[in-house]
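Notes for the one structure printed next.
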Amino acid sequence: MFSTIITIRVFDEGMTEARFDRIGELLETIDRQLSRQLADSEIDQVNRQAGIQPVAVSAETYRVVEEALQFAKKSGGRFNPAIGPLVDLWAIGNGGDSVPSKEHIAEALALIDYEDVALYPQERKIGLARTGMSLDLGAIGKGYAADVIAEYLRSEGMKSALIDLGGNLLALGAKLDGSPWSIGIQDPAEQRGAYLGTLQVIDKTIVTSGVYERFFKADGQVYHHLLDSATGYPFRKNLLSVSIVTDQSMIADGLSTSVFGMGLEEGVAFIEQWDGVEAIFVTEDNQVIVTSGLDGRFQLTHEDYTLAERPTATP
């Protein structure tokens, strides 16, 4: 699950090598729980028993899957933890560079109904109804991991840190002088590390879902890794990216995927209903739209983009 660059910077003088080692152990534990690529991880065991029997898992894995299913319901399936067969079919970022046949897409779609994921709270088991189903928690796992690291650092008395799990950023506390962090918002038209604007935050997480990370081109069309469970193809919502700003990284992770799949108008309306959650949308025509809580806070710095008005919800 963590096949990405991980950067953790702790600015408190009390940070020690032993504490960094403990963070490494926490990440290894999460990988053994949630990774579908790691043989015999808890999620791998659940997937291998699909259509056969439910599998007992740790409290942590159960909680993440439970949260993922809640996001699936709230987002109308735009977020889908059962999307594994479709992810495997496209293999974007893992060597996939061609569009699957309609027949193969139809076969995958028949195996990705999140309502076929069964939870057994008394036994703390997870079951998949049909052979061939598989869970994929890649759209929520890094956010969960960032929250675990932040919780550990707080428990050790650390008050100032930046946690970056492949672009899932969590700013713990403030800078040592008490001032806010200035966080760059990814330019979705460029490689990671190029920014279109900045946001001042204290004790917040910023998570972005966008087309820039994993994609291939075929017949003049860009096929990115954010897949639509309804069609079997990448989402086509005229968006380049969605960045979520809130307190918990797992929530931000789940929401960024969910809202990207909704598109601009529905996505803005959806986020405005969440307390303590804001979003930055970047459209294919280089417009940047922020939710109401970021008015006057987000600073656009890239001349190729325009800060635009929020869409008016359709009655």
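By this note's numbering, the letter at position 35 of the sequence shown is numbered 33, and the numbering carries on one by one without gaps. Idealized CB from N, CA, C, for every residue including glycine.
Check, Outcome
"DSSP bridge partner residues for P232 (one or two, in chain order)", "L225"
"Nearest-angstrom Cβ-Cβ length linking F213 and Y221, presumed shorter than 8 Å", "6 Å"
"Segment limits, beta strand (DSSP E) that includes W179", "179 to 184"
"Residues near G208 in its chain [Cβ-Cβ closer than 7 Å; skip 5 each side]", "Q184, P186, L238, S239"
"Separation of R128 from L225, as counted between CA atoms", "21 Å"
"Collapsed DSSP secondary structure at K173 in the structure displayed", "coil"
"D95 in three-state terms, based on DSSP", "coil"
"Residue range of the unbroken alpha helix (DSSP H) whose run includes Y60", "57 to 72"
"Status (buried if at least 16 other CB within 10 Å, exposed otherwise) for G265", "buried"
"Outcome for P83 when other beta-carbon atoms lying within 10 angstroms are tallied against a minimum of 16", "buried"
"Boundaries (first-last residue) of the beta strand (DSSP E) holding Y193", "193 to 199"
"Backbone CA spacing between I181 and T196 [nearest angstrom]", "5 Å"
"Cut-off 6 Å between Cβ atoms - residues of its own chain near L109, not counting five sequence neighbours on either side", "P83, G130, M131"
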